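Undergrad: Just passing along the structure, written as structure tokens.
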Amino acid sequence: MKSQRVIETLLAEAGIKIGGSNPWDIQVHDERFYEMAVKKGAMGLGDSYVLGFWDCEDIPEMSAKLSRKVNYRMPRHLGIVENQKTTEKDRQKSMEVVDDHYEIGNALYTRMLDPYMQYTCAYWPPGTDNLAQAQLNKMELIGKKLDIRPGNSILDIGCGWAGIGKYLTANYDCWYTGINLAQSHIDYALNVMCKGNERVKVIKQDYRDTEEKFDRILCVGVSEHFGREYYRLFFETVHKNLKKDGVFVLQTACDNITRLHTDRWMEQTGLPNTYIPSLKLAAESAEGLFVTEDVHNLGVNYGKTMVAWERNVVRNWDLIRQDLPELDDGKFYRRWRYFLLFSAGQFFNRRIQLYQFVFTRIEDGRFYPTPSYSW
-7 MKSQRVIETL
3 LAEAGIKIGG
13 SNPWDIQVHD
23 ERFYEMAVKK
33 GAMGLGDSYV
43 LGFWDCEDIP
53 EMSAKLSRKV
63 NYRMPRHLGI
73 VENQKTTEKD
83 RQKSMEVVDD
93 HYEIGNALYT
103 RMLDPYMQYT
113 CAYWPPGTDN
123 LAQAQLNKME
133 LIGKKLDIRP
143 GNSILDIGCG
153 WAGIGKYLTA
163 NYDCWYTGIN
173 LAQSHIDYAL
183 NVMCKGNERV
193 KVIKQDYRDT
203 EEKFDRILCV
213 GVSEHFGREY
223 YRLFFETVHK
233 NLKKDGVFVL
243 QTACDNITRL
253 HTDRWMEQTG
263 LPNTYIPSLK
273 LAAESAEGLF
283 VTEDVHNLGV
293 NYGKTMVAWE
303 RNVVRNWDLI
313 RQDLPELDDG
323 KFYRRWRYFL
333 LFSAGQFFNR
343 RIQLYQFVFT
353 RIEDGRFYPT
363 PSYSW
């Protein structure tokens, strides 16, 4: 009963009621939820949902309300802010991320994502009402910011299924190289997404092993896996591989506050070995290497994107589990939905932002024509 009172009190301060009638209220199905939430904090909250101990009609709003209250007024409760374990993002850890999250099976992603297989934040300006168009908007925006000139070589760090390579080579006179650690993504990129496209090359390679220089470099939604300890090294590596008159576009989630660690459940279960940098860390990591030409905050767009992904998973779940029966274990479906919806809430409440940065090498000295874009 003590655990129940503690959780009920904390949730009430966030405007969330156990058994309430609002869509963001929590409906408890198993009393073990309370003890798990008290003892394990964010881990207990997420794990108990996966086990079916509670439900919520509007998890993004619940997440937004809860994290707003917990993070800024009660940082020690529910374990959302700190994780005492130091995370080293070495090469082995990088492969663990790939195996745990990205090598689940293309059958999941083909039914969750858009035709270009963009597993990163889309762009939803007014008038955009579907995921496919929103992702086209995002790729168009990145293409403009890259300021691609005829014959430019482009490096995409963490290219996924190389959908943006297909888009860029179809719309610009350029040559695209994508690097990735997930073999299933590479196979799909070469045999399906970009089959027969002589302007696209996709290889299995760690970004730290790149030796060639490129006219343009982009990194979309991948640097969150590199870790706080390696963030400066990431920028130094890009600087080394970018030609002197080149342009570097980085799209990344950023926390409002510089933290040592991310949410415990997200770090260990939702998206393992993830660290969300702050705007301060990104700026410090670029110092002395790049001129920051443009910073564009797309934050709430990521919330919309994640909700769209979750709806696709729900709509296509029967097909997904037919193709990937190993996912039909009674837990994956709830874990995946919780990961997407709880994360969406963090962007909706503006705790986490999504930035597109445009950088040029500091020694370049040329004028960069910042593209115009509408909200």
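For the sequence shown, position 351 (counting from the first letter as 1) is numbered 343 according to my numbering, and the numbering increases by one without interruption. Glycine included, C-beta positions come from ideal geometry on N, C-alpha and C. Quantities reported herein were computed from a predicted structural model and do not represent experimental measurements.
Closer than 6 Å by C-beta to residue 71: which residues in its own chain qualify, once you throw out the five before and the five after it? Chain order, please.
TA: Within the sequence shown, numbered from 1, the residue matching residue 71 stands at position 79. Here the model assigns residue 71 a pLDDT of 43, short of 50, so the residue's position is not dependable, and the following value carries that caveat. Around residue 71: 33, 34 and 256.
Undergrad: Per DSSP, residue 408 is paired with what?
TA: Here the chain comprises residues numbered -7 to 367, so residue 408 is not present and cannot be evaluated.
Undergrad: Just checking, does the segment 95 to 114 make contact with the segment 310 to 318 on the three C-beta pairs under 8 Å criterion?
TA: Yes: the two stretches touch, three or more of their Cβ pairs being nearer than 8 Å.
Undergrad: Please return the same chain residues whose Cβ sits closer than 7 Å to the Cβ of residue -1, not counting the five positions on each side in sequence.
TA: On the sequence shown, position 7 is the one that residue -1 refers to. Within the same chain, residue -1 has close Cβ partners 26, 29 and 30.
Undergrad: Which residue from 362, 300, 44 and 273 puts its Cα closest to that of residue 321?
TA: For the purposes of this step, residue 321 is taken as residue 329 along the sequence shown, with counting starting at 1. With distances taken between Cα atoms, residue 321 lies closest to 44.
Undergrad: Measuring only the C-alpha atoms, how far is residue 214 from residue 357?
TA: The residue given as residue 214 occupies position 222 in the sequence shown. The residue given as residue 357 occupies position 365 in the sequence shown. So the two alpha carbons sit approximately 28 Å from each other.
Undergrad: Please classify residue 21 as buried or exposed, where buried requires at least 16 other C-beta atoms within 10 Å of its C-beta.
TA: In the sequence shown, the residue the question calls residue 21 occupies position 29. By the neighbour-count rule (16 or more Cβ atoms within 10 Å), residue 21 is not buried but exposed.
Undergrad: In terms of residue numbering, what span does the alpha helix (DSSP H) encompassing residue 9 cover?
TA: The residue labelled residue 9 in the question sits at position 17 within the sequence shown. Unbroken run through residue 9: none, as it is neither H nor E.
Undergrad: Counting only the same chain and skipping the five closest in sequence on each side, list residues whose C-beta sits under 6 Å from that of residue 242.
TA: Within the sequence shown, the letter at position 250 stands for residue 242. Hits under 6 Å: 211 and 349.
Undergrad: Do you know offhand how far residue 157's Cα is from residue 205's?
TA: For the purposes of this step, residue 157 is taken as residue 165 along the sequence shown, with counting starting at 1. For the purposes of this step, residue 205 is taken as residue 213 along the sequence shown, with counting starting at 1. The alpha-carbon atoms of residue 157 and residue 205 are separated by roughly 18 Å.
Undergrad: Assuming residue 337 and residue 52 form a contact by the criterion Cβ under 8 Å, report the distance between their Cβ atoms to the nearest whole angstrom.
TA: Residue mapping note: residue 337 aligns to position 345 of the sequence shown, counting from 1. Residue mapping note: residue 52 aligns to position 60 of the sequence shown, counting from 1. Going by Cβ atoms, the distance from residue 337 to residue 52 rounds to 4 Å, so yes, they are a contact pair.
Undergrad: Using a Cβ-Cβ cut-off of 7 Å (strictly less than) and excluding sequence neighbours within five positions of residue 49, which residues of its own chain qualify?
TA: Here residue 49 is taken as the residue at index 57 of the sequence shown, counted from 1. Closer than 7 Å at the Cβ level, and outside the excluded window around residue 49, lie 15.
Undergrad: Residue 147 and residue 169: beta carbons closer than 8 Å?
TA: As a first step, residue 147 must be located in the sequence shown, where it is residue number 155. As a first step, residue 169 must be located in the sequence shown, where it is residue number 177. Yes, they are a contact pair.
Undergrad: Does residue 332 come out as helix, strand or coil in the three-state DSSP assignment?
TA: For the purposes of this step, residue 332 is taken as the residue at position 340 of the sequence shown. Residue 332: helix per DSSP, three-state reduction.
Undergrad: Where residue 36 and residue 7 are concerned, what is the direct C-alpha to C-alpha distance, given to the nearest angstrom?
TA: For this step, residue 36 is matched to residue 44 along the sequence shown. For this step, residue 7 is matched to residue 15 along the sequence shown. Residue 36 and residue 7: Cα-Cα distance of roughly 20 Å.
Undergrad: Note down the Cα distance separating residue 203 from residue 332, rounded to an integer number of angstroms.
TA: Taking the sequence shown and counting its residues from 1, one reaches residue 203 at position 211. Taking the sequence shown and counting its residues from 1, one reaches residue 332 at position 340. Between residue 203 and residue 332, the C-alpha separation is close to 36 Å.
Undergrad: Could you tell me the alpha carbon to alpha carbon distance between residue 39 and residue 278, rounded to whole angstroms?
TA: As a first step, residue 39 must be located in the sequence shown, where it is residue number 47. As a first step, residue 278 must be located in the sequence shown, where it is residue number 286. Cα-Cα distance, rounded: 37 Å.
Undergrad: Just to confirm the assignment, what range does the alpha helix (DSSP H) spanning residue 147 have?
TA: Here residue 147 corresponds to residue number 155 of the sequence shown, with the count starting at 1. Here residue 147 belongs to no alpha helix (DSSP H); instead the beta strand (DSSP E) covers 144 to 149.
Undergrad: Using a threshold of 8 Å, state whether the C-beta atoms of residue 98 and residue 176 are closer than that.
TA: Position 106 of the sequence shown holds residue 98. Position 184 of the sequence shown holds residue 176. Yes, Cβ-Cβ distance for residue 98 and residue 176 is below 8 Å.
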